Structure formats: C-alpha cells, structure tokens
Amino acid sequence: MLSNQSKEIGRPTKYKEEYDKKAYGLCLNGHTNKSLAAAFGVHESTFYEWLEKYKSFREAVSLGKAEADTEVVKNLYHLATKEDPDIRAIQLWLRNRNHKEFAECVPLDIGFKPESTLMEKLNSAIEAFDKGKINLQQFSAISTSINGAISNLVRDDNEKRIKEIGKALGMKQ
C-alpha cells in the first residue's frame with residue numbers, strides 16, 4: 676500500500692549550516708561566487724541554488740562581500756588622498772564613483788608637438804590641467820595613455836634586448 680507521506684526526490688543536499696560562517700570568511704578574503712563553489716566542492720549552479728534556498732547562507736555571503744568591498748574602498752580612498760597620492764587609485768576611484776564624468780573615452784588633443792618626448796607630453800598635460808584647459812577626466816586619460824606608451828617602450832626594448840642576447844648566444848629566432 677502506498678503512503679501519503681511525501682518523500683524528497685533526488686540526492687540530499689551537501690549544504691550544512693556551518694557553511695554560513697565559512698562563506699562569510701571566504702568572502703572577506705575576496706572570493707568570487709565561482710571560487711566559493713569550488714571551496715565547497717560543488718558546481719556553481721549548486722552554489723546559486725544554496726543562495727536561493729538558504730537565507731542565512733545568502734546573508735553570510737552578502738555581508739562578507741559587503742565588508743570586503745568596504746575595506747577595499749577605504750584603502751583605495753586612502754591611496755587616492757594620502758600626501759603622495761597614487762594616480763591609478765585616483766583614476767579608479769573617480770571612474771567607479773562617477774562613471775559618466777570620468778569615463779576613459781576622451782579626446783587627447785591638447786596641442787602636443789609630434790616630436791615631444793613622453794615627459795614633455797606629460798608636463799604639457801599637467802600645465803593644461805593647471806590652467807583649466809582640460810579637466811581631471813582628460814588629464815587622467817592622457818596620463819594613462821602616456822603610462823601605456825612608456826610600458827610599450829619598455830616591453831619593446833626588453834624584447835629587442837632578449838633577441839640580441841639570443842643572437843649572441845647563437846639561438847635561432
């Protein structure tokens with residue numbers, strides 16, 4: 676005879692209440708949902724099911740991520756406002772806090788001479804910013820562009836040196 680009692684279909688969940696505390700701690704250390712799923716030994720879809728099904732787990736993950744984000748924002752703010760500020764921290768802060776005003780798509784034409792060195796271009800940008808000819812967003816884009824150009828020059832120079840060393844050692848290119 677069949678019983679009227681309902682039985683759960685499928686495997687029992689791997690979720691345990693103690694996972695709430697573990698998830699909170701992992702989130703404080705910057706873990707993503709994907710890495711959290713891996714830490715619990717489950718597929719990402721299972722992790723998302725846990726978030727939906729278990730309120731305490733969802734709240735632990737949410738709180739851990741919020742506290743980690745708050746700490747990062749505090750540290751980023753400190754880097755951007757210290758006595759010798761980090762220009763990249765300033766750029767990141769402004770882009771994230773006011774994306775419309777500080778987006779990266781900015782015209783870079785402020786009258787550079789083609790033969791100017793990168794340092795001369797940076798000095799021109801600083802001067803233009805000081806005189807109000809360009810705003811912080813434009814200055815940020817110019818300094819980022821110059822930084823990228825310097826990185827490319829260094830990389831190209833390193834590649835050239837590696838090839839020269841390889842050639843001197845008789846290695847095929």
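Under the working numbering, read the sequence shown as residues 676 to 848, first letter to last. Idealized CB from N, CA, C, for every residue including glycine. Keep in mind the model is a prediction, meaning the values are calculated, not measured.
Cutoff 7 Å; reference LEU767; Cβ partners in own chain excluding five residues on either side: LEU751
Backbone CA spacing between ASN810 and THR756 [nearest angstrom]: If I take the Cα positions, the gap works out to 18 Å.
C-beta atoms of GLU742 and LEU703 nearer than 8 Å: yes
Sub-8 Å separation of ASP761 and LEU769 beta-carbons: no
At least 3 beta-carbon pairs within less than 8 Å: the segment 790 to 803 vs the segment 818 to 826: yes
Straight-line gap, LEU730 to GLN813 (C-alpha atoms, nearest Å): This sequence places Lys at residue 730; Leu is not what is there. Spanning the two alpha carbons is a distance of roughly 45 Å.
GLU724 beta carbon less than 8 Å from that of LYS709: no
CA nearest to the CA of GLY716, picked from LYS689, ILE840, LEU701: LYS689
Where the alpha helix (DSSP H) containing ARG686 begins and where it ends: First-last for ARG686: undefined, no H or E at that position.
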